[in-house]
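Structure record follows, encoded as structure tokens.
2 protein chains.
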Amino acid sequence: MRVVKEAEARRNEILDAADELFGQKGFDGTSTNDILEKVSIARGTLYYHFKSKEDIMNALIERYNTRILGTAKVIAADKSIPIIERIVRVVLSMNVSGGSENQIMEHIHKPQNALMHQKIQKIIINGVTPIMTEIIREGIAKGLFSTPFPYECMEMVVAYTNTVFDDDMVEMNNEERTSRIQAFVFNTERLLGAESGSLTDIMQMFGSENGGNNE
Amino acid sequence: MRVVKEAEARRNEILDAADELFGQKGFDGTSTNDILEKVSIARGTLYYHFKSKEDIMNALIERYNTRILGTAKVIAADKSIPIIERIVRVVLSMNVSGGSENQIMEHIHKPQNALMHQKIQKIIINGVTPIMTEIIREGIAKGLFSTPFPYECMEMVVAYTNTVFDDDMVEMNNEERTSRIQAFVFNTERLLGAESGSLTDIMQMFGSENGGNNE
DNA sequence: TTTCACCGACCGTCTGTCGGTCGGTATTAT
DNA sequence: ATAATACCGACCGACAGACGGTCGGTGAAA
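Chains as they are written, first to last, in the numbering used here: chain A, 210 to 424; chain B, 210 to 424.
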């Protein structure tokens, strides 16, 4: 049957379907036919809205991009939140993505979606780092931190969390995870030249993020 | 024409061809036909030696694995080399891979080979980190370094260098690269609790690695 | 005569293309 | 105001081309 919609509405339908399918079966594992069936459109329609399958992925990433960085920016700019808490929240917003759709990132970390994962990681490293750095500079001004290389510091922190914590890159049981987080907090304090123990609050929130989402 | 060879010889021919082709055109961009033509064998022969295209990639990665970690282990175990120099050499061995085939890793860092890259990165992080950690412990015993978390420290260092320096993950011009290395050395010193400036030698060797290979 | 490396025709599935169709909307004539 | 017309954006589905993987069969060496 023939159903006509506005281009943007249709585009989003396709993206929503692709989002779910890529999450379940990976990019390579999802055929364009899978998407067609899910949206109930014909082949030509898909290629009317997107020029290729990879184009769909790029559009999806663009959506993630906007959401993730948008959320991070809002949090980072809210100077009413204490600096350290703001840092924690920005870090968390990278994984949970802020809103009701908290299963966005969960799918990404699978061996199947390597390319998508790589592209998102690139966006996070190059997008989140400057946002975090701004907070760090604030902290330096207030005497909380002390480093001549705030940007590179945060780049290291962001790159590390994104490879080791977000992935199946390093396999850990809960115990190893806990010690990894302890060490991470300690190391971050050293990198930032923060007083020992001043970031320990981070650990708790990290821990709860893993166990289960409470709001 | 029909040419018969020992299975292992043929396997290596196929791997060599795949290595070069994947490097040039990426994994997805290389068809099995490309490999067949290059090796001058028939379809069935390829699938006699490998059960799938991905199997070829995994065998390739296994080769890298052996070479990279093998080289790293040899260097790390040579206690005649001063600790800091050993660290530098291990880091370098990750990129140059030791021997005459120094173009192995160059191809990997392309958006096309995302899956292969991810798998190799996993091997490096989980394989090189313990090797490096051993050296660090030696350094701690000698009073050069001081950290309660040597493993997690090195994990951070290895993960960072592999994402930021080895990739097109972060685009940098030479100037940015230089400052990135300066900061990296500084940060690593902090992480390891090393005396400021004690690792500066690293910077020089890193610099030469980029410019051109001498020996 | 058994075994091992090899062959190449063939299959199903995939992505992407292309000529053509349909329905709503703006425009014009009545 | 209403009807005829022209237009265009959204949609369709048959099709082409290429790909990864299979299988029954072949030839040479052991």
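C-beta atoms are modelled at their ideal positions from N, C-alpha and C, and glycine is treated no differently.
Just to confirm my understanding: we take residue i, look at its own chain, exclude 5 residues before and 5 after, and list those with CB closer than 8 Å. What are they?
| i | result |
| --- | --- |
| residue 325/A | 231, 236, 266, 269, 270, 317 |
| residue 332/B | 270, 273, 274, 277, 278 |
| residue 354/B | 345, 348, 401, 402, 403 |
| residue 241/A | 252, 255, 262 |
| residue 224/B | 265, 268, 269, 272 |
| residue 257/A | none |
| residue 351/B | 292 |
Give a yes or no on whether the minimum CB-CB distance between residue i and chain A is below 8 Å.
| i | result |
| --- | --- |
| residue 252/B | no |
| residue 385/B | no |
| residue 369/B | yes |
| residue 303/B | no |
| residue 396/B | yes |
| residue 263/B | no |
| residue 308/B | Here residue 308/B scores only 37 on pLDDT, less than 50, and its place in the model is too uncertain to base an answer on. |
| residue 353/B | no |
| residue 323/B | yes |
| residue 404/B | no |
| residue 311/B | Reliability fails at residue 311/B, whose pLDDT of 42 lies under 50, so the model's placement of it is uncertain and no value is given. |
| residue 392/B | yes |
| residue 440/B | Nothing in the structure corresponds to residue 440/B, since chain B is present only between 210 and 424. |
| residue 298/B | no |
| residue 245/B | no |
| residue 210/B | no |
Compare the beta carbon distance of residue i and residue j with 8 Å and say whether it is the shorter of the two.
| i | j | result |
| --- | --- | --- |
| residue 342/A | residue 360/A | yes |
| residue 338/A | residue 378/A | no |
| residue 281/B | residue 302/B | yes |
| residue 334/B | residue 274/B | no |
| residue 431/A | residue 292/A | The displayed coordinates of chain A run from 210 to 424. Any statement about residue 431/A would go beyond what the structure contains. |
| residue 365/B | residue 365/A | yes |
| residue 426/A | residue 396/B | Lying before the first or after the last residue shown, residue 426/A is absent from chain A, which here runs from 210 to 424. |
| residue 399/B | residue 399/A | yes |
Does the CB of residue i have a neighbour CB from chain B at under 8 Å?
| i | result |
| --- | --- |
| residue 409/A | no |
| residue 223/A | no |
| residue 278/A | no |
| residue 361/A | yes |
| residue 381/A | no |
| residue 372/A | yes |
| residue 346/A | no |
| residue 365/A | yes |
| residue 341/A | no |
| residue 259/A | no |
| residue 231/A | no |
| residue 335/A | yes |
| residue 269/A | no |
| residue 331/A | yes |
| residue 220/A | no |
| residue 255/A | no |
| residue 295/A | no |
Going by beta carbon distance, what residues of the same chain come within less than 7 Å of residue i, once the five residues before and after it are set aside?
| i | result |
| --- | --- |
| residue 285/B | 295, 299, 340, 343, 344 |
| residue 243/B | 230 |
| residue 310/A | Confidence at residue 310/A is low in this model, with a pLDDT of 46, below 50, so the placement of that residue is unreliable and no value is reported for it. |
| residue 247/A | 226, 230 |
| residue 330/A | 371 |
| residue 222/A | 248 |
| residue 408/A | 293, 394, 397, 398 |
| residue 328/A | 270 |
Considering only residues of the same chain and omitting the five flanking positions on each side of residue i, which have a CB-CB separation below 6 Å?
| i | result |
| --- | --- |
| residue 373/B | 379 |
| residue 322/B | 235, 236 |
| residue 312/A | In this prediction, residue 312/A scores a pLDDT of 49, lower than 50, which makes its location untrustworthy; the coordinate-derived value is nonetheless stated afterwards. Excluding positions up to five away in sequence, the list is empty. |
| residue 356/A | 362, 401, 402 |
| residue 308/B | Here the model assigns residue 308/B a pLDDT of 37, short of 50, so the residue's position is not dependable and the matter cannot be decided. |
| residue 386/A | none |
| residue 336/B | 278 |
| residue 367/A | 334, 337, 338 |
| residue 259/A | 265 |
Is the closest heavy atom of the ligand FAD to the C-beta of residue i under 7 Å?
| i | result |
| --- | --- |
| residue 224/A | Among the components modelled here there is no ligand, and therefore nothing to report on the ligand FAD. |
*Which full runs of the alpha helix (DSSP H) of 4+ residues lie inside the stretch 311-392 of chain A, going along the chain?*
313-317, 323-350, 359-369
_Quick test of the definition: if touching needs 3 or more C-beta pairs under 8 Å, does the stretch 397-412 of chain A touch the stretch 213-228 of chain B?_
no
*For the stretch 232-279 of chain B, which segments carrying the alpha helix (DSSP H) assignment without a break, of at least 4 residues, lie completely within its bounds, in sequence order?*
241-248, 252-258
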